[in-house]
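Our numbering numbers the first residue of the sequence shown as 1 and each following residue consecutively.
Where a beta carbon is used, it is the ideal one built from N, C-alpha and C, also for glycine.
Beneath this line is the structure, given in structure tokens, with notes to follow.
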Amino acid sequence: MDKKLVRELEQALGKDAVLWKTEDLMLYEYDGSVEQARPEYVVFPRSTRDVVQIMLLANRFQVPLVGRGAGTGLSGGALARHGGILLVFSRMNRILELDFENQRAVVQPGVVNLDLTRAVEHAGLYFAPDPSSQKACTIGGNVAENAGGPHTLAYGVTANHVTGLELVLPEGDVVRIGGKVTDSPGYDLTGLLVGSEGTLAIVTEVTVKLTRLPEAVKTLLAVYDAVDDATETVAEMTARGITPAACEMLDGWMLRAVEDFVHAGFPTDSAAVLLIEVEGLREGVEAQADEISEVCRLHHAREVRVARDARERDLLWKGRKNAFGAIGRLSPTYYVQDGVIPRTKLPATLRRIDEIGKTYGFRIGNIFHAGDGNLHPIILFDARDKEQFDRAVAASNEIMKFCVEMGGALTGEHGVGMEKNELMPLMFSEADLNLMRRVRDCFNPAGLLNPGKILPLGKGCGEIRARPLPVSATSRA
């Protein structure tokens, strides 16, 4: 800990906005992943000007700088892997502008995802990206990781809903890219920055699209006695060109865990369920729901329920979105993954995940975005046992490798972070990775912004050229 840096941070932000004592820092060495890394300083800016001051001090003292929202991330993206300053946006949480006529909002990065929808729903609008953590996660974190959610299938991920950003660059310059218009001339820098995990710049304002609430919504629950029948239903919908707003799957073990916790009405004697939602004009919704029901029954669904009202629909979604809480009742720790596969590969991939679980001696539950092939296998283990932890990481890596072998990807919405950076060569050649490094170095030449994330380490990638790792920084994977 550098006392001079602490004094200068306190002078710039106020003493109540700077933490540096060990007992205060411990809270910030975790996020929602299994990773761990402790910062040396935690700061709470209130404005873009504060962020500029912090950036300039990080440069002058040559210490890493990492942005953090609510800490709900699942890949270690908001952890200070190399120590340094953790910049927490919980005090930059204002909605700056609501433009109902043009369906736009301008927000600070600490605005909670669901709070934006609540602020505009009276006008018949909402913010479409809906991660399961939307009651807590922030829009800045959504931008960093390019977060998705159940309704990604129809509406796309965060990148599809961000039109402009205000950024603080590593030298302290404040720039604006994009704006309220859908497409700006020149390079698509907004598209580049969304999903860059804080390695290129610090985002201080976000301009987003607001979506009009649909005229009609139908939520269906299809019940199966065999997992393969559920996955083949998804493949059949894809083949027919049917795109519901959402299509989620829970396997039997997972739905029983959720039902015991939420009491959402999931049938506990089934092998799997599909939670399917269709939205749009009333006539179209009715027709699409009928066609989906037909496909479900064709693939041996023993029952297809339709939620009778908003209360029943909300209860089903409560079951889906509180699934991780349900698992917390059954295991001291769990490891949730984020692989993506072609939807036609769902049956084979779920069988392989089951085999991997048996090989490593773990129960693996499955709850995921079946409609776009974004898997979230959940490995139950006890992190207090290092041998179990190591086996859980090994099992997770095998699942990720299989997803890539199936023609898929390492992440659909959680980001790469420090969890999967060493797996990136499974998808990218060294030439590909070098191009990514060159892009990063254009924005972040000193390597101080969120070092140790996305790109593999130990291959001359230039992370933190100016200082060695502090003793306080740790990583468990």
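Short Cβ contact (9 Å threshold) for residue i with residue j
i, j, result
"PRO45", "MET92", "yes"
"LEU378", "PHE324", "Leu is not the amino acid found at residue 378; the sequence shown has Ile there. In contact: ILE378 and PHE324 (Cβ atoms closer than 9 Å)."
"VAL23", "LEU57", "One detail in the question is off: residue 23 reads as Glu in this sequence, not Val. Contact: no."
"PRO267", "GLU294", "no"
"THR243", "LEU153", "yes"
"VAL416", "SER75", "yes"
"LEU192", "ARG176", "no"
"ARG351", "LEU200", "no"
"THR138", "THR163", "no"
"ALA245", "HIS151", "yes"
"PRO109", "VAL43", "no"
"VAL112", "LYS135", "yes"
"VAL34", "VAL18", "no"
"ASP229", "ALA301", "yes"
"GLU291", "ARG212", "no"
"GLY373", "ILE364", "no"
"THR204", "THR349", "no"
"PRO456", "PRO425", "yes"
"VAL63", "GLY83", "yes"
"ILE61", "LYS21", "Residue identity check: residue 61 is Phe in the sequence provided, not Ile. Contact flag unset, no."
Cβ-heavy atom distance, residue i to the ligand GTP, below 8 Å
i, result
"GLY76", "The model on display carries no ligand, and the ligand GTP is accordingly not part of it."
Per-residue DSSP class, three states only, for residue i
i, result
"GLY415", "coil"
"ASN397", "helix"
"LYS318", "helix"
"PRO150", "coil"
"VAL208", "strand"
"GLY67", "strand"
"THR268", "coil"
"ARG256", "helix"
"GLU35", "coil"
"THR22", "helix"
"LEU57", "helix"
"ALA128", "coil"
"LEU213", "coil"
"LEU450", "Note on residue identity: the sequence assigns Asn, not Leu, to residue 450. ASN450: coil per DSSP, three-state reduction."
"THR158", "helix"
"ASP30", "Before going on, a small fix: residue 30 reads as Tyr here, not Asp. Note: TYR30 maps to coil in three-state DSSP."
"ALA490", "Since the first residue shown for the chain is 1 and the last is 477, residue 490 is missing from the structure and cannot be characterised."
"PRO425", "helix"
"THR474", "Any reading at THR474 must be qualified, since the residue scores a pLDDT of 36, below 50, and its modelled position is unreliable; no value is offered."
"ASP2", "coil"
"LEU380", "strand"
"LEU375", "coil"
"GLU303", "strand"
"ARG176", "strand"
"ALA310", "helix"
Residue range of the alpha helix (DSSP H) that includes residue i
i, result
"CYS247", "Run containing CYS247: none in the alpha helix (DSSP H); it sits in the beta strand (DSSP E), 246 to 251."
"GLU291", "282 to 298"
"VAL143", "139 to 145"
"ILE364", "Where ILE364 is concerned, there is no enclosing alpha helix (DSSP H), although the beta strand (DSSP E) it sits in stretches over 364 to 368."
"PRO347", "346 to 360"
"GLU430", "430 to 443"
"VAL120", "113 to 120"
"THR190", "189 to 193"
With 16 other Cβ atoms within 10 Å as the buried cut-off, status of residue i
i, result
"ARG437", "buried"
"LEU375", "buried"
"LEU435", "exposed"
"CYS461", "Since pLDDT at CYS461 reaches only 41, below the 50 mark, its modelled position is unreliable, and no value is offered."
"PRO332", "exposed"
"ALA431", "exposed"
"GLY407", "exposed"
"GLU405", "exposed"
"ARG68", "buried"
"ASN102", "exposed"
Contact belief for residue i with residue j at Cβ below 8 Å, rounded distance in angstroms
i, j, result
"PHE362", "ALA392", "7 Å"
"PRO51", "VAL208", "It should be pointed out that residue 51 corresponds to Val in this sequence rather than to Pro. Not a contact, Cβ separation roughly 19 Å."
"LEU189", "THR233", "Their Cβ separation, rounded to whole angstroms, is 40 Å, which puts LEU189 and THR233 out of contact at 8 Å."
"ALA226", "ALA271", "5 Å"
"ALA264", "LEU315", "5 Å"
"GLU413", "GLU145", "7 Å"
"LEU87", "ILE54", "6 Å"
"PRO185", "LEU448", "Not confirmed; about 31 Å, so no contact."
Start and end residues, beta strand (DSSP E) containing residue i
i, result
"LEU165", "162 to 168"
"ASP16", "Premise fails: ASP16 is in no beta strand (DSSP E) and is neither H nor E."
"ALA230", "Looking at the DSSP string, ALA230 is not in any beta strand (DSSP E); the run it does join, the alpha helix (DSSP H), is 227 to 239."
"ASP99", "95 to 99"
"ALA216", "216 to 224"
"PHE44", "That residue, PHE44, is in no beta strand (DSSP E); it is neither H nor E in DSSP."
"GLY328", "Note, GLY328: premise wrong, no beta strand (DSSP E); alpha helix (DSSP H) at 323 to 328."
"ALA105", "104 to 107"
"VAL181", "VAL181 -> no beta strand (DSSP E), and no H or E assigned at all."
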